[in-house]
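There are 2 protein chains.
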Amino acid sequence: MRIVVLAGGIGGSRFLLGVRAEAGPAGEPAESVTAIINTADDVTLHGLRICPDLDSVMYTLGGGIDPERGWGREKETWTVKEELAAYGAEPTWFGLGDRDIATHLIRTRMLDAGYPLSAVTEALAKRWQPGVRVLPMTDDRVETHVVVADDDQGTNRRAMHFQEWWIRHHAQLHAEKFVPTGAEDASAAPGVVDAIAGADVVLIAPSNPVVSIGTILSIGQIRTALAETAAPVIGLSPIIGGAAVRGMAEKCLPVVGAEVSAAGVARLYGARRDGGLLDGWLVDETDAGTSVDGIEVRAVPLWMTNVDTTAAMAHAAIALAQEVGKRA
Amino acid sequence: MRIVVLAGGIGGSRFLLGVRAEAGPAGEPAESVTAIINTADDVTLHGLRICPDLDSVMYTLGGGIDPERGWGREKETWTVKEELAAYGAEPTWFGLGDRDIATHLIRTRMLDAGYPLSAVTEALAKRWQPGVRVLPMTDDRVETHVVVADDDQGTNRRAMHFQEWWIRHHAQLHAEKFVPTGAEDASAAPGVVDAIAGADVVLIAPSNPVVSIGTILSIGQIRTALAETAAPVIGLSPIIGGAAVRGMAEKCLPVVGAEVSAAGVARLYGARRDGGLLDGWLVDETDAGTSVDGIEVRAVPLWMTNVDTTAAMAHAAIALAQEVGKRA
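So the protein lines, in turn, are chains A and B. Heads up: the first sequence begins at 1 in UniProt numbering, then just goes up one per residue. Heads up: the second sequence begins at 1 in UniProt numbering, then just goes up one per residue.
Here it is in structure tokens:
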């Protein structure tokens, strides 16, 4: 079975662990899984090109992630970061670990040499052997910027990189708008459109619906491929009982006028038959009874406590895909 | 007294500690000292612009050097280097420490932004407060390449960066020629020519005469300024009793046809009255009796055992400068 997963960083990585376990026999790689990863969180700091979501996926699937933090390398040290701060080099708020920096150095060097991000990602994956095909959503530069103001009246309105809003300001500044800068002119990375077209099922990971999945959908070729594929598209809610499982999705949803609920996210994505994204939607048992016009909703446990529970989520999503697929 | 010192890396750094102590009252900066530093060892590795000699000087005078190794930062760690090797990223033979990398990141970022190396060096020095003015010999890119062959017959002749010959091959490959690539078209960095013109004395540190001092002299504007300055030019021998005090100068001297001796180096530099570099030359007591046509030679202890012995060397060099200056 050819499974395509659209995913962001930490939540997406954990979900992919479950999909890989569900798709492949234990200990064998699930090369039939293609992960299409958000790159709009990417940022250049201290001259290093950093791809937080790609790295989270690569480190998580490759066994190099810090399991407590959920991002960055395990047994990480912070010598370079401290030294940069000793020089007074800004910014100091980004978590730039020593082990992580080796990844960024290789990526930056390859990009400077003219390799596209997809080729860089493939080269880095040779070390990590993630066991699934990891593709950036695009080889073009797309970066989410946040238009913020000091209050609802739009006082002191300005734009900043998503990372600055998210990490430096902990999403506490009033956000008026998210702008995926560069998305309009961006093409899908090589392999992305073909993977979606040839998929048996497309899964939308329980990632941030606005700044992770939303930015993937901001690439026109990906939106078109999702509309045209014969594969059912099944999403998993990142909101359980009205709150984000992880991250600060509840800070992002109101900005795009969506309700912070499992139903709110499904409505944001929209029903496929009405020009939206989803054929089916998995919500947590807490949200049983959720219904959204035009979308098949099922309630199953959605806490990614370990690989087994996460594999069960992937299993339920694939089962729902087969159900809606037969009906179509 | 305005003192100009031409210097390479490790030996030059240690000598500058002595000059600074001799020039300024204890605890006060000797801003009257200008150090003109070789940059032809510079190399770009893993996308980082590395200036080994400038860094050795900056770390040594700023109190950040590893005193055992003589290069790189004290309490250094090697996490990034190990991770780069885990990715299979070449080269793996260069000693790239984590603390050191912060310096290279800032330098690379500033160079990429268009700042000249002299401005970058000044910015980095704000942290280290070396207490002397540190100038790169040039803002232009000059890199020493070594033409090597597998034997005297010139079998398998090829060129490589000096660092590859020096560090990777431990200067064991048969060298036929050193080429300071880019030197012909390079200008002296801002301040260099004025410092030499306005100096009361110019000191040639006991650095490698070929690949450190020799490359500084390969910049035409510096050669001219040294020929024209009213200041006496006094050198200190890096060879004691027929062997290099440190480093592998004995591997370099024969390549340029010079004898590995205190006299051999003085002859390589040449007497100023005959169009060469030196008015005076300090040799170690071991080499007492050394004489070179047209150059005043004095024998004094030249082991840079600590700052006091090194300051005494600087003192002797300045005394010799005053002696030859009066005679002129």
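Cβ coordinates follow ideal geometry from the N, Cα and C atoms, glycine included. Quantities reported herein were computed from a predicted structural model and do not represent experimental measurements.
For W128 of chain A, name the three-state secondary structure that DSSP assigns.
helix
Identify which residue in A:D41, A:L16, A:A21, A:A230 has its Cα closest to the Cα of G214 of chain A.
A:D41
Relative to chain C, which residues along the stretch 34-48 of chain B have a C-beta separation below 9 Å, given in chain order?
Looking for chain C here will not work: the only protein chains present are A and B.
Which residue spans inside the stretch 142-208 of chain B form an unbroken alpha helix (DSSP H) run of at least 4?
192-197
When you compare only the Cα positions, how much space is there between A312 of chain B and L135 of chain B?
24 Å
Backbone CA spacing between residue 330 of chain B and V19 of chain B [nearest angstrom]
Within the shown structure, residues of chain B are numbered from 1 to 328, placing residue 330 of chain B beyond reach of any answer.
What does I318 of chain A pair with, by DSSP beta-bridge criteria?
None, per the DSSP bridge assignment.
Output the residue ranges of the beta strand (DSSP E) runs that lie fully inside the stretch 225-299 of chain B and measure 3 residues or longer, sorted by chain position.
For the stretch 225-299 of chain B, the continuous beta strand (DSSP E) assignments of 3+ residues that do not extend past its boundaries occur at 233-236, 280-283, 296-299, in sequence order.
Is there at least one Cβ from chain A nearer than 9 Å to A119 of chain B's Cβ?
With 9 Å as the cut-off, A119 of chain B does not count as an interface residue toward chain A.
Decide yes or no for the touch test of the stretch 143-152 of chain A against the stretch 172-189 of chain A: beta carbon pairs closer than 8 Å, at least 3 of them.
yes
With 9 Å set as the bound, which would you pick, yes or no: does the beta-carbon of G88 of chain A sit closer than that to a beta-carbon of chain B?
Yes, its Cβ sits closer than 9 Å to a Cβ of chain B.
What are the residues of the stretch 232-245 of chain A that lie near chain B, defined by any Cβ-Cβ distance shorter than 7 Å?
none
Counting only the same chain and skipping the five closest in sequence on each side, list residues whose C-beta sits under 7 Å from that of T155 of chain B.
Only A149 meet the Cβ criterion.
Between the beta-carbon of K81 of chain A and the beta-carbon of G95 of chain A, is there less than 9 Å?
yes
Cβ atoms of G289 of chain A and V324 of chain A: under 9 Å apart, would you say?
no
Measure from the C-beta of V260 of chain A to each C-beta in chain B and report whether the shortest distance is under 9 Å.
no
Which of the three DSSP states, helix, strand or coil, is assigned to V43 of chain A?
DSSP places V43 of chain A within a strand segment (E or B) once states are collapsed to three.
Using 9 Å as the limit for Cβ to Cβ distance, is V283 of chain B near chain A?
no
Residues of the stretch 91-104 of chain B whose Cβ lies closer than 8 Å to any Cβ of chain A, in chain order
D98, R99, I101, A102, T103
Spatial neighbours of E76 of chain A within its chain, please: CB distance less than 8 Å, with the 5 preceding and 5 following residues excluded, ordered by chain position.
Excluding residues within five positions, the ones whose Cβ falls inside 8 Å are D66, G97, D98, R99, D100.
Sorted by chain position, which residues of the same chain lie with C-beta nearer than 6 Å to A231 of chain B's C-beta, five sequence neighbours on each side aside?
A199, D200, V201, V202
Any C-beta of chain A sitting closer than 9 Å to the C-beta of L84 of chain B?
yes
Is it right to say P52 of chain B is buried, meaning 16 or more other beta carbons lie within 10 angstroms of its own, or is it exposed?
With 16 or more other Cβ atoms within 10 Å, it is buried.
Contact list for D112 of chain A against chain B, beta-carbon separation under 8 Å
By Cβ distance, chain B contributes G47.
Per-residue burial, D274 of chain B [other beta carbons within 10 Å of its own, 16 or more giving buried]:
exposed
Where R127 of chain B meets chain A, residues with beta-carbon distance less than 9 Å:
At a beta-carbon threshold of 9 Å, the residues of chain A lying near R127 of chain B are A86, Y87, G88, ordered along the chain.
Chain A partners of V80 of chain B, CB-CB under 8 Å?
V80, D98, R99, I101, A102, L105
Assuming contact is defined by CB atoms lying nearer than 9 Å, are V260 of chain A and A243 of chain A in contact in what I supplied?
Yes.
Is the beta carbon of S13 of chain A less than 9 Å from the beta carbon of A7 of chain A?
yes
Quick one: does R109 of chain B have its CB under 9 Å from some CB of chain A?
It does: the Cβ of R109 of chain B has a partner Cβ on chain A nearer than 9 Å.
Going by C-alpha distance, which of B:D152, B:R157, B:Q153, B:V179 is nearest Q163 of chain B?
B:V179
CB contact check: T60 of chain B to chain A, cutoff 9 Å:
no
L135 of chain A - DSSP class collapsed to helix/strand/coil
strand
Span of the alpha helix (DSSP H) holding A86 of chain B?
From DSSP, the alpha helix (DSSP H) with A86 of chain B extends over 79-86.
At a Cβ threshold of 9 Å, is L54 of chain B touching chain A?
no
Using a C-beta cutoff of 9 Å, does T77 of chain A count as contacting chain B?
yes
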